[in-house]
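Notes for the one structure printed next.
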Amino acid sequence: MRPSTLLLALPALATAQQIPFLNTFQPYVDKVIAFGSSLTGQSATGGSKTTPHPAVTELKIANWEDTLRNRGKHGPGSVDNWMIYVTGNTTCAGECARPDAAFDEAVTLFADSPEGPNLALLDCDRQTALCGAWGAYASCIWYFRVPKPLPNQSQGPSAMTIHPLNYTTVTTSDITKIHTQKLYEKETAYEGWMHPLDGILAQSGMMMPVAYALLFMSKVPAPIFMLGLSFFSRYFVNRRMPGGANASGAPPAAAVPASAARAKKNK
Numbered sequence: 048m049r050p051s052t053l054l055l056a057l058p059a060l061a062t063a064q065q066i067p068f069l070n071t072f073q074p075y076v077d078k079v080i081a082f083g084s085s086l087t088g089q090s091a092t093g094g095s096k097t098t099p100h101p102a103v104t105e106l107k108i109a110n111w112e113d114t115l116r117n118r119g120k121h122g123p124g125s126v127d128n129w130m131i132y133v134t135g136n137t138t139c140a141g142e143c144a145r146p147d148a149a150f151d152e153a154v155t156l157f158a159d160s161p162e163g164p165n166l167a168l169l170d171c172d173r174q175t176a177l178c179g180a181w182g183a184y185a186s187c188i189w190y191f192r193v194p195k196p197l198p199n200q201s202q203g204p205s206a207m208t209i210h211p212l213n214y215t216t217v218t219t220s221d222i223t224k225i226h227t228q229k230l231y232e233k234e235t236a237y238e239g240w241m242h243p244l245d246g247i248l249a250q251s252g253m254m255m256p257v258a259y260a261l262l263f264m265s266k267v268p269a270p271i272f273m274l275g276l277s278f279f280s281r282y283f284v285n286r287r288m289p290g291g292a293n294a295s296g297a298p299p300a301a302a303v304p305a306s307a308a309r310a311k312k313n314k
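Mapped onto the numbering used here, the consecutive letters of the sequence shown carry residue numbers 48 to 314.
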């Protein structure tokens, strides 16, 4: 398959999160990503050592948006708080063991508390494209406040703050106090174009296609990518040169009749 054909197919792949039938193709997409990773010596399926607690929702391409917008402890007209732990043993260079343990302990404290936030996990080793779409990195907490609309009303904007975790010093208290002490109110909410729910890419439906395109380019070895770029540029340069294919030095077809006409006139 040509790279240009694959890039054109990315929007169709991205719609897998909206059309359940297309989710059946996700394993094949994962195999393509794994093959690209094998070429670069990177692992795409390693995953973190964190085992999701029953109270923790693991976010995937197929469920993340529905989970944040429609799931949660509260009903219409209220605001649902979501604490999302971003991890990935490979993406944090094997330094996620301490943050993983701290989050697991925080989950046990929040799981049975009616005042606790909704809990979710995003593993960047297993969900590389989704982490790329969000611009997420391990290890950190993404805290969302998602308003639940009343019937027949639109959903308001969602406030989102990002709280990085120190690999070597993070404790369970550092995670729990984000919610209990409302540290999310002291941080500036992110409102940029990569906001997962309200950003320009999300609203235009281009977030996942862009993520797949970036993921594809990151998995292609640099020499192959540069070779393809060279062929691509040469193709357009040759098309723009005067005379097209005849620019190599062959005389124009009209030159022979013109010179013959001048010779005849001189006689």
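Each residue gets a CB set at the ideal place from its N, CA and C atoms; glycine is no exception.
Find out if the Cβ-Cβ distance for the pair residue i, residue j is shorter than 8 Å.
| i | j | result |
| --- | --- | --- |
| Ile209 | Cys187 | yes |
| Pro194 | Gly182 | no |
| Ala180 | Met130 | no |
| Cys139 | Ala102 | no |
| Leu156 | Tyr132 | no |
| Thr219 | Glu152 | yes |
| Leu244 | Ser277 | no |
| Tyr231 | Pro146 | no |
| His100 | Ala144 | no |
Comparing C-alpha positions only, which one of the options sits nearest to residue i?
| i | options | result |
| --- | --- | --- |
| Val154 | Leu244, Lys224 and Arg116 | Lys224 |
| Asn136 | Gln174, Met255 and Pro204 | Gln174 |
| Ser160 | Met254, Ala249, Lys120 and Ile131 | Lys120 |
| Thr134 | Thr114, Asn117, Leu212 and Glu152 | Leu212 |
| Ala260 | Leu177, Asp151, Ser125 and Trp240 | Leu177 |
| Val126 | Asp172, Asp170, Phe191 and Arg145 | Phe191 |
| Thr227 | Ser251, Asn128, Ser280 and Leu274 | Asn128 |
| Asn199 | Leu115, Arg116, Pro123 and Arg118 | Pro123 |
| Glu234 | Asn117, Ile247 and Trp189 | Trp189 |
Apply the 10 Å Cβ neighbour rule to residue i and answer buried if 16 or more other Cβ atoms are within range, or exposed otherwise.
| i | result |
| --- | --- |
| Ile108 | buried |
| Pro164 | buried |
| Ala149 | buried |
| Trp111 | buried |
| Met207 | buried |
| Leu57 | Because Leu57 carries a pLDDT of 43, less than 50, the predicted location of this residue cannot be relied on, and no value is offered for it. |
| Thr216 | exposed |
| Trp240 | exposed |
| Leu197 | exposed |
| Asp113 | exposed |
| Leu274 | exposed |
Note the first and the last residue of the continuous alpha helix (DSSP H) segment covering residue i.
| i | result |
| --- | --- |
| Leu248 | Ile247 to Ser251 |
Within the stretch 91-173, note down every full beta strand (DSSP E) run reaching 3 residues or more, in order along the chain.
Segments of the beta strand (DSSP E) lying fully in the stretch 91-173: 103-105, 126-134 and 165-170.
Enumerate, from N- to C-terminal direction, the unbroken beta strand (DSSP E) stretches of 3 or more residues contained entirely within the stretch 181-227.
Runs of the beta strand (DSSP E) inside the stretch 181-227: 187-194 and 206-211.
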